[in-house]
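**Q** Structure provided below as structure tokens; questions to follow.
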Amino acid sequence: MRVIVHSDFCMASGSCQRIAPTVFGFSTEGWVSLLDEHPGDEQRTAVRQAADICPVGAIEIIEEPGH
């Protein structure tokens with residue numbers, strides 16, 4: 001799994017950081033920052049939930065072959 005954050009869409013709701021705090025954080029400007037571009041299997045469910053709940057669809061998940 002590869003995670004991409006489209007920060008130009010981010011509205012800083014904080015939902016992603018609350019759901020998956022080891023994957024998503026906040027920049028000094030207050031926008032989402034990606035802490036782990038390739039989260040482990042134990043984070044898959046949380047990352048998917050974060051992407052689903054993002055009010056502006058700023059989180060993209062790419063399933064990589066062989067994973």
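So the sequence shown is residues 1 to 67, counted in this note's numbering.
Note that the Cβ used here is the ideal one computed from N, Cα and C, for glycine as well.
These figures come from a predicted structure and were not determined experimentally.
(1) Kindly list the residues whose CB is nearer than 7 angstroms to the CB of F26, restricted to its own chain and excluding five residues on each side of it in sequence; keep chain order.
(2) Can you give me the start and stop residues for the beta strand (DSSP E) that S15 sits inside?
(3) For I59, which residues from the same chain have a beta carbon less than 7 angstroms from its beta carbon, with the 5 sequence-adjacent residues on both sides left out?
(4) For a test of the three-state rule: what should DSSP assign to V5, helix, strand or coil?
(5) When you compare the CB positions of V47 and P39, do they come within less than 9 angstroms of one another, or not?
**A** So, from the data block:
(1) Q17, V32, S33
(2) Segment 15-19 is the alpha helix (DSSP H) holding S15; no beta strand (DSSP E) there.
(3) V3, V5, C16, A50, A51
(4) strand
(5) yes
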